[in-house]
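Below is one structure, written out as structure tokens; comments come after it.
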Amino acid sequence: MLKIKKLDLYILRNFILSLSATFFICLFVLLMQFLWRYIDELVGKGLEIHVLLEFFFYSSMTLVPLALPLSVLLASLITFGNFGERLELLAMKAAGVSLFRIIRPLVIFVFLLSIGMYFFSNDVIPRSQVKLWTLIYSMKQKTPEIDIPEGSFYSEIPGYNIYVREKDMNRNLLKNIMIYDISHGFENMTVTAADSARIQFTEDKKYLVLTLYSGESFENLKMQNELATSQNFPYRRESFDEKQIVIEFDSGFSKASENVAKDKYVAKNIAELHYAIDTIGRQKDSVQNIFAQRMVSMQNTKIADAQRNQSRVQNERQPVALSDSSLFSQLSENDKQFALRMALGEVSHIKNEMEFRMVEVSDLDYYIRRHQIEIHRKYTLPFACLIFFFIGAPLGAIIRKGGLGLPVVISVALFIVYYMIDNSGYKFARDGMWTPLEGMWLSSAVLLPLGIFLTYKAATDSVLFNVDSYFSVFKNFKQFIKRKNNDRRTEEQDRGGDRGL
């Protein structure tokens, strides 16, 4: 009994070490792919180190549910591949330990890991999503860092265009600079030219100070006399040895309120998602009831009475309905034309209202589906950890190759297949072609039989990658079909002989 416990600890230690290494590798790869999507929001903004670290941290937290299944697959492949390559797996089986007994501690560990991942996805991920999307929104609102190029106009400062012919990086000087101030409109533009200039920010990072040396400024003045002719243009010209221009330019980073991201479906736990689905469902029912009442009102001569007296009319005597055609035939030609125009206008109005209500209901259905998708996602990703373990562990025992060579290739290939199937199911569920249950559990339904098949093959020591065995099965199947055809021909010949007799 003690040896079995030591064996469990040995298997667990090898698996956890591989899982730790592969998890951080997978998380790093996914983080780089995520950062590439938002590289434009990070570069050129002059963000401080603590802001970037906060962004990396919350991005990593949101990517954990995607990195963990891949790391479980890779770690199980490496662990059992190493056991098979070092003949340790063969020694365990020779000692009478079955494959199911070998993987039992890992099954318990991965099961507990999946439960922990569920609580992580339900409690930690929504908070991380709120923090992350608040940061992304704040970074989008931040003004870019000042980086004036040489030989071209720089227009990132609102109300100003700046041209610099040459930059002296050693002395921190901008040479032959021209500044076009268009903050008061093009008609009242101010042009300033200087031999050199320096740029610096105030301590609170809210103002940009341009110190100009040896230059001139030219300014168009507003015309006070409205009767002034086009030949008279008042202006002001100024020469200076040193001049400072202060521009309001908030370059500091200010974090937005977290309310901008709290309404996102990815920022809610399961209880909040169910509450949101009920709320949106009631809104949808309300819209549909209003739409139904509108359609019923179209069949009554008085719309207000059709809605107001709906409960009372059941107890009253029904009036005799008049024929619309008889009423219309009694009208004059002008009244008929007027009635037709009114009817066409009413039909057009009802048509537009119907289209608007249909779009409104479609949007509400879309939001309901997105919330339902997030609920299923909190279950499918932890379940994917179990599936990938039952794929990786028996596959590693079969191929008997450890390290980061063949296991990495197989893991990446399987994960790409899983990602493609999962993404396709997600899109089908998002667009309403499938239900969220069908779309989000499609990848699990496809890969679960593969895990069961590989586990059975590894437990029974069946040949999996021997091509001759598959050719043998195909050959036996071909011979079986041929024998059936021969038997059928023999029976037909016997029947023909009986008819001849």
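In this text, residue positions in the sequence shown follow the working numbering: the first is -19, and each later residue adds one. Positions of the beta carbon are idealized from the N, C-alpha and C atoms, including for glycine.
Note down, in chain order, each residue of its chain lying with its Cβ closer than 6 Å to the Cβ of alanine 247, except the 5 sequence neighbours on either side.
-> The count along the sequence shown starts at 1 and reaches residue 247 at position 267. So the qualifying residues of the chain are Pro106, Gln109, Val110, Ala241.
Since glutamate 199 contacts threonine 170 with CB under 8 Å, what's their CB separation in whole angstroms?
-> Position 219 of the sequence shown, counted from the first residue, corresponds to residue 199. Position 190 of the sequence shown, counted from the first residue, corresponds to residue 170. Confirmed, about 4 Å.
Which of helix, strand or coil does DSSP assign to isoleucine 5?
-> For the purposes of this step, residue 5 is taken as residue 25 along the sequence shown, with counting starting at 1. Isoleucine 5 falls in the helix class under three-state DSSP.
Return yes when the Cβ of tyrosine 406 is within less than 8 Å of the Cβ of methionine 420, no when it is not.
-> Within the sequence shown, the letter at position 440 stands for residue 420. Within the sequence shown, the letter at position 426 stands for residue 406. Yes.
Compare the Cα-Cα distances from methionine 544 to each of Pro129, Met41, Tyr140 and report the closest residue.
-> Examination of residue 544 is not possible in this model, given that the chain is present from -19 through 481 alone.
Cβ neighbour criterion (16 or more within 10 Å) applied to glutamine 180 = Translated into the one-based positions of the sequence shown, residue 180 becomes position 200. Exposed, by the Cβ-count rule.
For valine 77, which of helix, strand or coil comes out of DSSP?
-> Within the sequence shown, the letter at position 97 stands for residue 77. Correct three-state label for valine 77: coil.
Around the Cβ of leucine 457, are there at least 16 other Cβ atoms within 10 angstroms (buried) or fewer (exposed)?
-> Position 477 of the sequence shown, counted from the start, is the residue given in the question as residue 457. The amino acid at residue 457 is misidentified as leucine; the sequence shows phenylalanine. Its Cβ having fewer than 16 others within 10 Å, phenylalanine 457 is exposed.
Which residue spans inside the region 27 to 91 form an unbroken alpha helix (DSSP H) run of at least 4?
-> Scanning the region 27 to 91 from its first residue to its last, the whole alpha helix (DSSP H) runs of 4-plus residues come out as 29 to 65, 68 to 74.
Any contact of the region 34 to 52 with the region -2 to 15, i.e. 3+ C-beta pairs under 8 Å?
-> With three or more CB-CB distances shorter than 8 Å, the region 34 to 52 counts as touching the region -2 to 15.
Give the range of the alpha helix (DSSP H) segment to which tyrosine 406 is assigned.
-> On the sequence shown, residue 406 is found 426 positions in, with the first residue counted as 1. Segment 386 to 410, the alpha helix (DSSP H) holding tyrosine 406.
Between which two residues does the beta strand (DSSP E) carrying phenylalanine 220 extend?
-> On the sequence shown, position 240 is the one that residue 220 refers to. That run of the beta strand (DSSP E) goes 215 to 228.
Counting Cβ pairs closer than 8 Å, one from the region 244 to 262 and one from the region 350 to 362, do we hit at least three?
-> The count of Cβ pairs closer than 8 Å, one atom from the region 244 to 262 and one from the region 350 to 362, reaches three, so the stretches are in contact.
Isoleucine 330, enclosing alpha helix (DSSP H) - first and last residue = What you label residue 330 is simply residue 350 of the sequence shown in a count that begins at 1. 313 to 379 is the span of the alpha helix (DSSP H), which, as asked, contains isoleucine 330.
Roughly how many angstroms separate the alpha carbons of isoleucine 250 and proline 45, rounded to a whole number?
-> Here residue 250 refers to the residue found at position 270 when the sequence shown is read from its first residue. Here residue 45 refers to the residue found at position 65 when the sequence shown is read from its first residue. Going by the C-alpha atoms only, they are around 16 Å apart.
Residues sharing a beta bridge with isoleucine 159, DSSP = The residue given as residue 159 occupies position 179 in the sequence shown. According to DSSP, isoleucine 159 bridges with Ile142, Thr172.
Beta-carbon proximity check, glutamate 228 vs threonine 114, cutoff 8 Å | Taking the sequence shown and counting its residues from 1, one reaches residue 228 at position 248. Taking the sequence shown and counting its residues from 1, one reaches residue 114 at position 134. For glutamate 228 and threonine 114, no; Cβs fall outside 8 Å.
Determine the closest residue to proline 429 out of Phe370, Lys120, Asn403, Val189, with distance taken between C-alpha atoms.
-> Working through the sequence shown from its first residue, we reach residue 429 at position 449. For the residues Phe370, Lys120, Asn403, Val189, the minimum Cα distance to proline 429 belongs to Phe370.
Please state if the CB of phenylalanine 60 and the CB of leucine 67 are separated by a distance shorter than 8 Å.
-> Counted from its first residue, the sequence shown places residue 67 at position 87. Counted from its first residue, the sequence shown places residue 60 at position 80. In this structure, phenylalanine 60 does not lie closer than 8 Å to leucine 67 by Cβ.
Cα-Cα, which of Arg145, Tyr160, Asp161 is closest to leucine 154?
-> By 1-based counting over the sequence shown, the position of residue 154 is 174. Proximity to leucine 154 across Arg145, Tyr160, Asp161 peaks at Arg145, based on C-alpha coordinates.
Can you name the start and end residues of the beta strand (DSSP E) that phenylalanine 198 belongs to?
-> If you number the sequence shown from 1, residue 198 lands on position 218. Start and end: 187 to 200.
Using beta-carbon positions only, say whether proline 387 and leucine 7 come within less than 8 Å of one another.
-> The residue labelled residue 387 in the question sits at position 407 within the sequence shown. The residue labelled residue 7 in the question sits at position 27 within the sequence shown. Cβ distance not < 8 Å, so proline 387 and leucine 7 don't count as in contact.
Evaluate contact between the region 73 to 86 and the region 4 to 23, counting only Cβ atoms and requiring at least three cross-stretch pairs below 8 Å.
-> no
For tyrosine 436, three-class secondary structure by DSSP = In the sequence shown, counting from the first residue as 1, residue 436 sits at position 456. It is helical.
For lysine 242, the first and last residue of its enclosing alpha helix (DSSP H) = Here the question's residue 242 lines up with position 262 in the sequence shown. Taken as a continuous stretch (DSSP letters only), the alpha helix (DSSP H) holding lysine 242 covers 239 to 242.
Where isoleucine 260 and serine 404 are concerned, what is the direct C-alpha to C-alpha distance, given to the nearest angstrom?
-> The residue labelled residue 260 in the question sits at position 280 within the sequence shown. The residue labelled residue 404 in the question sits at position 424 within the sequence shown. Isoleucine 260 and serine 404 have their C-alpha atoms spaced approximately 26 Å apart.
Beta-carbon contacts of lysine 381 that lie in its chain and below 8 Å, excluding the five residues immediately before and after = One-based indexing of the sequence shown puts residue 381 at position 401. Closer than 8 Å at Cβ, skipping near neighbours: Gly61, Gly64, Glu65, Pro387.
Grab the span of the alpha helix (DSSP H) containing glycine 419 for me, first residue to last.
-> Counting from one through the sequence shown, the residue named residue 419 turns up at place 439. Element bounds for glycine 419: 416 to 420.
Meets three-Cβ-pair contact criterion under 8 Å: the region 75 to 94 and the region 407 to 415 | no
Span separating the alpha-carbon of serine 391 from that of glutamate 28 | Taking the sequence shown and counting its residues from 1, the one referred to as residue 391 is at position 411. Taking the sequence shown and counting its residues from 1, the one referred to as residue 28 is at position 48. Near 37 Å, if we compare the C-alpha coordinates of glutamate 28 and serine 391.
Closest Cα partner of histidine 164 within the set Ala174, Tyr140, Gln224 = As a position in the sequence shown, residue 164 is number 184, starting the count at 1. Ranking Ala174, Tyr140, Gln224 by Cα distance to histidine 164 puts Tyr140 first.
Give the secondary structure of aspartate 258 by DSSP, where H, G and I count as helix, E and B as strand, and everything else as coil.
-> Start at 1 with the first residue of the sequence shown, and residue 258 comes out as number 278. Here aspartate 258 sits in helix by DSSP.
Give the secondary structure of aspartate 148 by DSSP, where H, G and I count as helix, E and B as strand, and everything else as coil.
-> Position 168 of the sequence shown, counted from the start, is the residue given in the question as residue 148. Strand at aspartate 148.
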